[in-house]
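Chemist: Numbering (full-length UniProt numbering), first residue to last: 1 to 303. For glycine and all other residues, C-beta sits at the position ideal for the given N, C-alpha and C.
1) Would residue 170 and residue 142 qualify as a contact pair, given that the criterion is a beta-carbon distance under 8 Å?
2) Output the distance between the C-alpha atoms of residue 203 and residue 210, rounded to the nearest integer angstrom.
3) So which of 63, 45, 198 has the shortest CA-CA distance to residue 96?
4) Quick one, are the C-beta atoms of residue 53 and residue 187 less than 8 Å apart?
5) For residue 92, does the three-state DSSP call read helix, strand or coil?
6) Taking only three categories from DSSP, how would you classify residue 122?
7) Rounded C-beta distance between residue 75 and residue 39? I'm assuming under 8 Å.
8) On the DSSP bridge list, what partners appear for residue 131?
9) Between the alpha carbons of residue 59 and residue 81, how many angstroms are there, rounded?
10) Tell me the start and end of each unbroken alpha helix (DSSP H) in the stretch 142 to 228 that is at least 4 residues and wholly inside, in chain order.
11) On the three-state DSSP scale, how would you describe residue 276?
12) What residue does the beta strand (DSSP E) around residue 56 start on, and which one ends it?
13) Does DSSP classify residue 48 as helix, strand or coil?
14) Residue 122 and residue 151 look like a contact to me (Cβ under 8 Å); what is the Cβ gap, rounded to whole Å?
15) Whose C-beta lies closer than 6 Å to the C-beta of residue 131 among residues of the same chain, with five residues either side of it excluded?
16) Expressed to the nearest angstrom, what Euclidean distance is found between the alpha-carbon atoms of residue 71 and residue 184?
17) Just to confirm, is the Cβ distance from residue 65 to residue 51 under 8 Å?
18) Near residue 55, which residues of its chain fall below 6 Å by C-beta distance, leaving aside the five closest residues on each side in sequence?
19) What is the DSSP secondary structure of residue 136, reduced to helix, strand or coil?
20) Where residue 147 and residue 212 are concerned, what is the direct C-alpha to C-alpha distance, given to the nearest angstrom?
21) Just the Cα atoms here: how many angstroms apart are residue 164 and residue 137?
22) How about residue 31 and residue 114: are their beta carbons less than 8 Å apart?
23) Mind checking residue 298: buried by the 16 CB within 10 Å criterion, or exposed?
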């Protein structure tokens, strides 16, 4: 049948069937997601950070990635949405008092149940993947989802810092939640970029307005200075005119007084001379009369 000496092919060799997805052990996934860094694949150790998609990283690994984006082979696929340290939040994790290094998670030893290094500060449940955990991007506090439901509040249960529903980020979400979180992250980044642009524009407008106000102030000061100078010049000119006028008036008065004094002196002299002349004329007349009488008397005697 196969023209090869009697070999008989099987059905799955002749008919192509849809391949089934390989099933991955959930315990192994939990150990990878909750006990190791999503970037460096090394065990989680403080300080631990998380992004808007709820992945866990060692802060040192993120710093190394930001300095050299080729430091990790799949770094651009895992952390393509991380552009700076502002894109991650440092988590405030509660240490598990019963943790020991001998009980740390191992990818090779499946028989030993791993003990998480961190727990929920409210319910004391381990952060190992068995329970859903969330964190607040306003303060970085981490707690179990059950604790948030049991103690509903608008402030953080641990640090009392206010938050909103959009500030609650699920750690290591399910595949169906991952897409919604990616869309929410894109919208958040766009909103932050728009706010930053508006702040920059407002700052530029404020600076321009201050510059215009400064120029107007300088113009007003210059105008006021020119006006004051002009008024001072006018006042000085007026005072000069007044002084000249007073000087002219004084000079005229002095001249008139001098003229009047001279006229009075001349008049007195003329009057005195006229009096002298009159006196002389009177004396001549009297002398003439006297002389005439004497002559008459002599004539009478002679007769």
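Modeler: Inspection of the coordinates gives the following:
1) Within the chain shown, the letter at position 170 stands for residue 170. Within the chain shown, the letter at position 142 stands for residue 142. It is not a contact, given that the beta carbons lie outside the stated cut-off.
2) Locating residue 203 in the chain shown gives position 203, where the first residue counts as 1. Locating residue 210 in the chain shown gives position 210, where the first residue counts as 1. C-alpha separation (whole angstroms): 10 Å.
3) Looking up residue 96 in the chain shown gives position 96. Considering only alpha carbons, the answer is 45.
4) Residue 53 sits at position 53 when you count from the first residue of the chain shown. Residue 187 sits at position 187 when you count from the first residue of the chain shown. In this structure, the beta-carbon distance from residue 53 to residue 187 does not fall below 8 Å.
5) Taking the first residue of the chain shown as 1, we reach residue 92 at position 92. Strand, per DSSP.
6) On the chain shown, position 122 is the one that residue 122 refers to. Three-state DSSP puts residue 122 in coil, outside helix and strand.
7) Sequence index remark: in the chain shown, residue 75 carries index 75 (1-based). Sequence index remark: in the chain shown, residue 39 carries index 39 (1-based). Indeed, because the Cβ distance is near 6 Å, the residues count as touching under 8 Å.
8) Position 131 of the chain shown, counted from the first residue, corresponds to residue 131. The partner list for residue 131 (beta bridge, DSSP) is empty, contrary to what the question assumes.
9) As a position in the chain shown, residue 59 is number 59, starting the count at 1. As a position in the chain shown, residue 81 is number 81, starting the count at 1. Taking the straight line joining both Cα atoms gives about 16 Å.
10) 145 to 150
11) Within the chain shown, the letter at position 276 stands for residue 276. In the structure shown, residue 276 sits in a helix (DSSP, three-state: H, G or I).
12) If you number the chain shown from 1, residue 56 lands on position 56. Unbroken beta strand (DSSP E) run through residue 56: 56 to 58.
13) Sequence index remark: in the chain shown, residue 48 carries index 48 (1-based). Here residue 48 sits in strand by DSSP.
14) Reading the chain shown from its first residue, position 122 is the one you call residue 122. Reading the chain shown from its first residue, position 151 is the one you call residue 151. Right, the Cβ-Cβ distance comes to about 7 Å (below 8 Å), so this counts as a contact.
15) Working through the chain shown from its first residue, we reach residue 131 at position 131. Cβ within range, chain order: 125, 144.
16) Start at 1 with the first residue of the chain shown, and residue 71 comes out as number 71. Start at 1 with the first residue of the chain shown, and residue 184 comes out as number 184. Taking the straight line joining both Cα atoms gives about 28 Å.
17) Residue mapping note: residue 65 aligns to position 65 of the chain shown, counting from 1. Residue mapping note: residue 51 aligns to position 51 of the chain shown, counting from 1. No, Cβ-Cβ distance for residue 65 and residue 51 is not below 8 Å.
18) Taking the chain shown and counting its residues from 1, one reaches residue 55 at position 55. Around residue 55: 38.
19) As a working note, residue 136 is residue 136 in the chain shown. If DSSP states are grouped into helix, strand and coil, residue 136 belongs with the strands.
20) Taking the chain shown and counting its residues from 1, the one referred to as residue 147 is at position 147. Taking the chain shown and counting its residues from 1, the one referred to as residue 212 is at position 212. Answer to the nearest angstrom: the Cα atoms are 56 Å apart.
21) As a position in the chain shown, residue 164 is number 164, starting the count at 1. As a position in the chain shown, residue 137 is number 137, starting the count at 1. Near 10 Å, if we compare the C-alpha coordinates of residue 137 and residue 164.
22) Position 31 of the chain shown, counted from the start, is the residue given in the question as residue 31. Position 114 of the chain shown, counted from the start, is the residue given in the question as residue 114. In this structure, residue 114 lies closer than 8 Å to residue 31 by Cβ.
23) In the chain shown, counting from the first residue as 1, residue 298 sits at position 298. Reliability fails at residue 298, whose pLDDT of 46 lies under 50, so the model's placement of it is uncertain and the value that follows must be treated cautiously. Burial call: exposed.
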